Each structure stands twice: as C-alpha cells, then as structure tokens.
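Visitor:
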Amino acid sequence: MSPVPRDRKGNWILFVYDNPDDFPTRPEKALVKRILPLHTPQPVRISLPPGEYAVALFLDENGNGRIDRNFLGIPTEPYALSGHPRFHFGPPRFEECKINVQAPETVLLLRIAD
C-alpha cells in the first residue's frame, strides 16, 4: 500500500474475492475482509490456498463501511485494486483484477488512487 498523508482519517478495508460474480460490488460475499488501521505497518499477510483472486482496498474515511462514490459512480475515497485496471465507467471486472496465487508466498503491490 502507498503511504497516505497524515491528515487522512479512517481505516483501510481490504477485500479478497474468489468469485467473479461477487467482485467488487458484493463485499458481504468476499472470501476475506480485513479492517486495518490507517497507518498499518507493511506488509499485510493473508493466507490463501492456490487459486485466482481479486483484491479491493479502500480507505473508509467516514466510517460507513463502504466506498463512497460521486454521482458518476467514481470513488471519492482512496482505493486500490489488484491488476491496476484502467478506468472505465462501472466497476472493473474480475478478469481485469485477478491475481494467481500459486507459491507459498505471493507478493502483491497495490497503488492507491486518490
């Protein structure tokens, strides 16, 4: 995760999905959900069996438990997605964001969009 300015507030919420039908719009169906303090030491470790996953992360600045969006559907809170998909209207597809976990340790670097 990229560092964020010290004046930001809130917690990071990290979701790991294994089902393309749920990503990223059904957080209640995520395989893993972690709430992380804003200035969490890195790296964050998650144990997963081998497979294909997609990761979504956002900074819940107002504590409402969901990513806020403007009237166009564009996130208004900092976020990151695995695979770093290009922007388009509507949520990204699982295929654009999927990562393959095969080795005992897979490193994923996320770029925060702000």
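The numbering of the sequence shown is the working numbering, which starts it at 421 and goes up by one. Heads up, the beta-carbon is just placed ideally off N, CA and C, and yes, glycines get one too. Just so we're clear, the structure is a prediction, and the values are computed from it rather than from any experiment.
(1) Would L479 and G430 be called neighbours here (beta carbons separated by less than 8 Å)?
(2) Counting C-beta neighbours from all protein chains within 10 Å, is the total for S502 16 or more, i.e. buried, or is it exposed?
(3) Please give the ranges of any beta strand (DSSP E) in the segment 459-517, keeping only runs that are unbroken, at least 3 residues long and fully inside the region.
(4) Which of the three DSSP states, helix, strand or coil, is assigned to P457?
(5) Does the ligand ATP have a heavy atom nearer than 7 Å to the CB of F443?
(6) Measure the C-alpha to C-alpha separation of Y437 and L528 and round it to an integer number of angstroms.
(7) How long is the line joining the alpha carbons of Q462 and L530, rounded to whole angstroms?
(8) Just to confirm the assignment, what range does the beta strand (DSSP E) spanning L434 have?
(9) For S422, I'd like the list of residues in its chain whose CB is within less than 7 Å of its CB, leaving aside the five on either flank, ordered along the chain.
(10) Does the count of Cβ pairs from the segment 511-525 and the segment 440-454 closer than 8 Å reach three?
Guide: With the structure as the only source:
(1) One thing to note: L479 has its Cβ within 8 Å of the Cβ of G430.
(2) Around the beta-carbon of S502, 16 or more other beta-carbon atoms lie within 10 Å, marking it buried.
(3) Within the segment 459-517, the complete beta strand (DSSP E) runs of at least 3 residues are 471-480, 499-501.
(4) Reduced to three states, the DSSP call for P457 is strand.
(5) Of ligands this structure carries none, so the ligand ATP is not represented either.
(6) Rounded to the nearest angstrom, the two C-alpha atoms are 14 Å apart.
(7) Cα to Cα, Q462 sits roughly 11 Å from L530.
(8) In the DSSP assignment, L434 falls within the unbroken beta strand (DSSP E) covering 431-437.
(9) Any reading at S422 must be qualified, since the residue scores a pLDDT of 49, below 50, and its modelled position is unreliable; the value itself is stated next. Excluding the 5 residues flanking it on each side, S422 has same chain C-beta neighbours closer than 7 Å at R531, I532, in chain order.
(10) Touching, per the Cβ criterion.
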